[in-house]
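Undergrad: Here it is, the structure, as structure tokens.
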Amino acid sequence: LCLDALLLGPMPRHVAFIMDGNRRYARKSLAMDIILCCIHLKIKVITVYALSSENMNRPKAEIEGLLSLFREKL
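As structure tokens, this is what we get:
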């Protein structure tokens, strides 16, 4: 549905999305599907809002694990 909407008008140069922390979507690799779709459509800039300032107060090991996961997957 989103792809159809994009193809109707001019292609954006920047797409941003907010990850809601719902593990269901993470298991389905939805975020990676969106990123790959953006790359296929030659969208130049992708912004992913994944950690709030509140999340940065989590234990250091947890933050490092999340950042490592982001580097590995993105």
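Mind the numbering: the sequence shown is residues 1 to 74 in the numbering used here, read in order.
Think of the CB as a built atom: it goes at the ideal place given N, C-alpha and C, for glycine as much as any other residue.
Treat the numbers as computed from the prediction; the structure is a model and nothing was measured.
Roughly how many whole angstroms lie between the Cα atoms of residue 7 and residue 49?
TA: 24 Å
Undergrad: Compare the C-alpha of residue 70 against each of 51, 58, 41, 15 and name the closest.
TA: 51
Undergrad: Using only the alpha-carbon positions, how far apart do residue 20 and residue 9 sit?
TA: 27 Å
Undergrad: Apart from the five residues on each side of it in sequence, which residues of its chain come closer than 7 Å, Cβ to Cβ, to residue 45?
TA: 13, 14
Undergrad: I'd like the span of the beta strand (DSSP E) that includes residue 43, first residue to last.
TA: Where residue 43 is concerned, there is no enclosing beta strand (DSSP E), given that its DSSP letter is neither H nor E.
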